[in-house]
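Engineer:
Chains as they are written, first to last, in my numbering: chain A, 1 to 267; chain B, 1001 to 1352.
1. To the nearest angstrom, how far is it from the Cα of residue 335 of chain A to the Cα of residue 1297 of chain B?
2. Straight-line CA distance for residue 1372 of chain B to residue 1100 of chain B?
3. Measuring alpha carbon to alpha carbon, tell me which of B/1108, B/1062, B/1035 ends up nearest residue 1090 of chain B.
4. Please identify the residue among B/1010, B/1005, B/1006 whose C-alpha is closest to the C-alpha of residue 1310 of chain B.
5. Can you have a look at residue 1328 of chain B and say buried or exposed, based on whether 16 or more other CB atoms are within 10 angstroms of its CB?
6. Could you check where the alpha helix (DSSP H) with residue 219 of chain A kicks off and where it finishes?
7. Rounded to whole angstroms, how far is the Cβ of residue 1174 of chain B from the Cβ of residue 1213 of chain B, which I believe are closer than 8 Å?
8. Cα-Cα, which of B/1155, B/1177, B/1043 is closest to residue 1121 of chain B?
9. What are the complete beta strand (DSSP E) segments, minimum 3 residues, inside the stretch 1136-1170 of chain B?
10. Ends of the alpha helix (DSSP H) at residue 1221 of chain B?
11. At a Cβ threshold of 9 Å, is residue 1034 of chain B touching chain A?
12. Label residue 18 of chain A either buried or exposed according to how many other C-beta atoms from any shown protein chain fall within 10 Å of its C-beta, with 16 as the threshold for buried.
13. What residues in the stretch 1050-1061 of chain B bring their beta carbon closer than 7 Å to a beta carbon of chain A?
14. Counting only the same chain and skipping the five closest in sequence on each side, list residues whose C-beta sits under 8 Å from that of residue 1052 of chain B.
15. Might you give, ordered along the chain, the residues of its own chain that have their beta carbon closer than 7 Å to the beta carbon of residue 1217 of chain B, omitting 5 neighbours on each side?
16. Can the beta-carbon of residue 186 of chain A be found closer than 9 Å to that of residue 172 of chain A?
17. When we look at the beta-carbon of residue 1203 of chain B and count the other beta-carbons within 10 Å, is it buried (16 or more) or exposed?
18. Going along the chain, which residues of its own chain have a beta-carbon closer than 6 Å to the beta-carbon of residue 227 of chain A, five neighbours each way excluded?
19. At the 9 Å Cβ level, is residue 1045 of chain B part of the contact set with chain A, yes or no?
20. Let me know if residue 1147 of chain B comes out buried or exposed under the rule of 16 or more other beta-carbons within 10 Å of its beta-carbon.
21. 9 Å is my cut-off, CB to CB: does residue 270 of chain A come that close to chain B?
22. So, is residue 1206 of chain B buried or exposed, given that buried needs 16 or more other C-beta atoms within 10 angstroms?
23. For chain B, is any of its Cβ atoms less than 9 Å away from the one on residue 49 of chain A?
24. Classify residue 1004 of chain B as helix, strand or coil using the three-state DSSP reduction.
25. Mind pulling the chain B residues with CB within less than 7 Å of residue 221 of chain A?
26. Under a CB-based cut-off of 9 Å, is residue 15 of chain A close to chain B?
27. Looking only at its own chain, which residues have a Cβ that is under 6 Å from the Cβ of residue 1161 of chain B, when we skip the five neighbours before and after it?
28. Name the DSSP bridge partner or partners of residue 87 of chain A?
29. Quick one: is residue 230 of chain A near chain B, going by C-beta distance under 9 Å?
30. So if DSSP puts residue 199 of chain A in a beta bridge, which residue, or which two residues, is it bridged to?
31. Do residue 1299 of chain B and residue 1270 of chain B have their beta-carbon atoms positioned less than 9 Å apart in this structure?
32. Determine the chain B residues that contact residue 64 of chain A at a beta-carbon separation under 9 Å, and present them in chain order.
The following block contains the structure:
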């Protein structure tokens, strides 16, 4: 394919920005922050080419498909984009997934035999609930650490939580992610903290409830630690501490062409 | 043997070890290559730097290296072999009972030899299980439910044939069923490492002990839930334990959950050698203390008593090891000076 793009092309930054909103469903972290996306290029026909990779050859195919599809949808919403071509590399189902996506097929039809009873929407929802619980735990824990009583926490409503002064940047990030997901779960009322089913939390069972949220978080973090470590071991890229953020991409501090990450893969 | 500062000897049974051959020569296809590469990813991501091996050594380290790492450099007193066949990926299998048996024969007091079965082998597999018991007197098996076999990418303990195999285990006295329930890899959509089928198996076969290797991680909540209900379910700490080095805060959270839900009597240490070396892991585990806020929060403690049980006493109970008698036996056995020939035989069998 012939690619005509420079890293200074503002459209490349637009693509990166929209990819940043796509998350790994299990980790609830952005695919750009996780360094899964290695390449964004725009060709002369306004087609976007996205290269991405995963921590192992074995990463579950349904997650891989889901992420790739989300990327396609997110980037397609940019007004100038004519087509999005997602290229998953070094995965056991690279070819199958890339082909399925290019033909606009569903996961079910792409993996007709093995995925007969798989419903990606169910999967997406399961992980979305976990993200809700995990972010909620982080916000509650922050408030508890700052001396809030259980009752005061349970009395809080969304507008107050949204405007609460939070000095810790990580806690603030957790709050904004939580409030985003809060719109999908937790019922129609204004209460800041409810169960994922929208039920109020009984203050008498608060410790148990928090313990449940905590287990959800521990599971997710296990995957997060492992995935980051495995990705690092597999591709031996620049150190994880200094990993490029979206801001780096937009400011052009990171080459947005093929960074060679793919070439570094052991075959 | 690990000695505390006070001079107490801690008896250590490493619940999860392998002698594998992941070398290029043994790889059948790209899956074999990617499988050992993935292990190497775990190894490099979570080992202290000074314990990271070159890839070539990791692929195939051989029997002598293993003995040395576990018992000479490391503090293990005994180690349990957990075979992983993967015959669809490796010409001679990745880590088979027969390969492991060679080391067991040379150091009978050091190793506990486990077998394996696969319900997809049907009647022939039942016969093979009988042979394993007869030949090696095995008391346990390692089950790898995500192993590929032709078109099949895995199986569940709830499968009809799996039930028959477990019934056979009861009959034969193979009472320790180690099941790999760890991080997600394929098969495709249904995760064969999902821990849910343990529940049914543990209820149906109360005579058997189910040691859930890797504690079902990342499905720790499912695992804890099941283990609370089923008294014959245990947690193997392999893969959870190495976090003690690179992510100690995270390790504290995991171990405190396990201590809270299962207690110190149902957890087993395992290095997962050669993914990780037992030396540093035992040192760090013995030196490790839970922070006060976690102790208070969860009402648990990783004290010396808990460490003793996790590192050896719990496994000793499952495998009928009389610890004081075994300690005496081990201190009396010099590691075979007149057995050079045997070591050569070891090398021959392993193709070193």
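Cβ coordinates follow ideal geometry from the N, Cα and C atoms, glycine included.
Structural biologist: Working from what's here:
1. This structure gives no information on residue 335 of chain A, because the portion of chain A shown stretches from 1 to 267.
2. Residue 1372 of chain B falls outside the range modelled here, since chain B spans only 1001 to 1352, and no answer is possible.
3. B/1035
4. B/1010
5. exposed
6. 206-235
7. About 16 Å separates the two Cβ atoms, so there is no contact after all.
8. B/1155
9. 1140-1143
10. 1220-1229
11. yes
12. buried
13. none
14. 1043, 1044
15. 1182, 1183, 1239, 1240
16. no
17. exposed
18. 55
19. yes
20. buried
21. The structure shown does not extend to residue 270 of chain A, since chain A spans only 1 to 267, so no value can be given for it.
22. exposed
23. no
24. coil
25. 1250
26. no
27. 1119
28. A/51
29. yes
30. Answer is none; residue 199 of chain A lacks a bridge partner.
31. no
32. In chain order: nothing, as chain B lies at least about 10 Å away.
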